[in-house]
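Heads up: the sequence lines are chains A and B, in that order. The first sequence: position 90 = 85 (my numbering), numbered continuously. The second sequence: position 33 = 28 (my numbering), numbered continuously. All C-beta atoms, glycine included, are put in the ideal place defined by N, C-alpha and C. Contents: one structure, followed by commentary.
Number of protein chains: 2
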Amino acid sequence: MKHNVEELLSTHGVKPTPQRMVIAEYLLSTHSHPTADDVFQAVKGKLPVSLSRATVYNTLNALVAKGVIQEVTTEAGRVRYDANMSDHHHFVDIETGNVIDIPAGTLNQIKLELGDQYKIRSFHVTIFGEVVGGKAKE
Amino acid sequence: MKHNVEELLSTHGVKPTPQRMVIAEYLLSTHSHPTADDVFQAVKGKLPVSLSRATVYNTLNALVAKGVIQEVTTEAGRVRYDANMSDHHHFVDIETGNVIDIPAGTLNQIKLELGDQYKIRSFHVTIFGEVVGGKAKE
DNA sequence: TCTATGCTTAGACTTATTCTAAATACAGAA
DNA sequence: TTCTGTATTTAGAATAAGTCTAAGCATAGA
Ligand SMILES: [Mn+2]
Ligand SMILES: [Mn+2]
Ligand SMILES: [Zn+2]
Ligand SMILES: [Zn+2]
Chain A
-4 MKHNVEELLS THGVKPTPQR MVIAEYLLST HSHPTADDVF QAVKGKLPVS
46 LSRATVYNTL NALVAKGVIQ EVTTEAGRVR YDANMSDHHH FVDIETGNVI
96 DIPAGTLNQI KLELGDQYKI RSFHVTIFGE VVGGKAKE
Chain B
-4 MKHNVEELLS THGVKPTPQR MVIAEYLLST HSHPTADDVF QAVKGKLPVS
46 LSRATVYNTL NALVAKGVIQ EVTTEAGRVR YDANMSDHHH FVDIETGNVI
96 DIPAGTLNQI KLELGDQYKI RSFHVTIFGE VVGGKAKE
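Encoded structure:
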């Protein structure tokens, strides 16, 4: 399936410039959850002009802000980018560091859904929300 | 309950120096999931000698390596430290940024266990493990 | 064509973290 | 005790991710 990147960007309110298109194209083409520098390395050279790191960061931030991609953190301090916006979680292969998408589902079924192929060493749930009533301790 | 920090460090194979003790003491005394700089600010001045940032980082890394504390990432790119080593997850208050400990339990019970006080906006499960059989796609 | 706005660029800057080299501390050997 | 090797700490240099700045470029619309 060939992505219509131009339309994807337009419908999300991001003007589709050549730089942005090639960055978005790359993100949509991979499941590798690349870092900003991974994106920069993969994409420079695909344009007739030189590509600035600032543009990569500006574009990644814009795409995150507009909901085209998301940031993913697996190892402390490392930011990765993910064009898969479906409801899913991440499996980190502790041998290779690879980050694999895991479709969401009721959480207590994760083990079953994963099947024998994945041996869970540990997992961590991070919840984002609001505390109402103000009496939760720091 | 007064923590015996000296013994805690010793039993984990970390030689209890004054710098390490005061850092560990601070981590054990708070639920705030502080950053490295938070730790530095809180702890410098509690020693007769000056405290180096390098020592703070060295100590935090050593305590993580020895399993005395853990790293926690909630916002992309920000590393926090947590002396709570019980099996628990984290609730991030999206208004204040506060990180609150949530005891583990079967994951499908999380909503019930949290109760009315917490309004879940979203959550994310990160799983660490191994892929066996080698046929999982990146 | 003119102009305003937005986009991109190179490089400077900032900030978090690691590294380096020298000084200190100190446990154990003698 | 003193000696001595190893670990620890320190200040500051170095690195790396990310942001900011100022200038140039592109282009949509008047
Ligand atoms: Mn960001
Ligand atoms: Mn670390
Ligand atoms: Zn993903
Ligand atoms: Zn915690």
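**Asked** Quick one: is valine 44(B) buried, meaning 16 or more other Cβ sit within 10 Å of its Cβ, or exposed?
**Response** exposed
**Message:** Here's the rule I'm using: 16 or more other beta-carbon atoms within 10 Å means buried, otherwise exposed. How should threonine 69(A) be labelled?
**Reply:** buried
**Prompt:** Contact between the segment 31 to 46 of chain B and the segment 58 to 73 of chain B: three or more CB pairs below 8 Å?
**Reply:** no
**Prompt:** Contact check, alanine 19(A) vs valine 74(A) under 8 Å by CB: the rounded distance?
**Reply:** Not really, about 17 Å apart at Cβ, beyond 8 Å.
**Buried versus exposed call for alanine 78(B) [16 or more other C-beta atoms within 10 Å across all chains shown]** = buried
**Message:** Tell me whether valine 28(A), by its Cβ, gets closer than 7 Å to a heavy atom of ligand 3.
**Reply:** Reading off the sequence, residue 28(A) comes out as histidine, not valine. The answer is yes for histidine 28(A).
**Asked** Quick one: Cα of proline 98(B) to Cα of threonine 121(A), how far?
**Response** 12 Å
**Item:** Where glutamate 2(B) falls: helix, strand or coil (DSSP)
**Value:** helix
**Item:** Proximity below 8 Å, CB of histidine 28(B) to CB of valine 63(B)
**Value:** no
**Prompt:** Which word fits valine 87(A), buried or exposed, when buried means at least 16 other C-beta atoms lie within 10 angstroms of its C-beta?
**Reply:** buried
**Message:** So valine 34(A) contacts chain B; which residues on that side make the cut at Cβ distance below 8 Å?
**Reply:** Per Cβ cutoff of 8 Å: no residues; valine 34(A) is ~15 Å from chain B at best.
**Message:** So for arginine 73(A), helix, strand or coil by DSSP?
**Reply:** coil
**Request:** Measure the C-alpha to C-alpha separation of glycine 72(B) and isoleucine 95(B) and round it to an integer number of angstroms.
**Result:** 19 Å
**Request:** Following the continuous alpha helix (DSSP H) through valine 34(B), name the residue where it begins and the one where it ends.
**Result:** 31 to 38
**Item:** Residues within the segment 10 to 39 of chain A neighbouring chain B, beta-carbon criterion of under 7 Å
**Value:** His26, Ser27
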